[in-house]
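Asker: Numbers given in the working numbering equal positions in the sequence shown, counted from 1, plus 100.
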Amino acid sequence: MSTNSMNFQFTKEQESIRKMVRDFARNEIAPIAAKIDESDQFPLELIKEIGRLGRLGIDYSNL
Numbered sequence: 101m102s103t104n105s106m107n108f109q110f111t112k113e114q115e116s117i118r119k120m121v122r123d124f125a126r127n128e129i130a131p132i133a134a135k136i137d138e139s140d141q142f143p144l145e146l147i148k149e150i151g152r153l154g155r156l157g158i159d160y161s162n163l
């Protein structure tokens, strides 16, 4: 039997990213979510802002 256990805790960096994304969704997306759903269009400006935050796409540089 192995005594090694997995650590499921987020790192400080992961927590920081999680908070940034949660705050962005709460502050920028949630207030207009119904409009987005009705129009079936995601605003280009929000996509640009997600990109400016560095959260658009997957970063493979650290893999």
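All C-beta atoms in this analysis are idealised placements derived from N, C-alpha and C, irrespective of residue type, glycine included.
Small disclaimer: the values here were computed from a predicted structure and weren't measured.
Counting pairs of beta carbons, one from the segment 132–139 and one from the segment 108–116, are three or more of them closer than 8 Å?
Answerer: no
Asker: Should I150 and L156 be called a contact, given that it needs their Cβ atoms to be closer than 7 Å?
Answerer: yes
Asker: By Cβ distance, which residues of its chain are closer than 7 Å to V121, with the 5 residues on each side in sequence left out?
Answerer: R155
Asker: By DSSP, does F108 sit in helix, in strand, or in coil?
Answerer: Of the three classes helix, strand and coil, the one that applies to F108 here is coil, per DSSP.
Asker: Looking at the unbroken alpha helix (DSSP H) that takes in D137, where does it start and where does it end?
Answerer: A133 to S139
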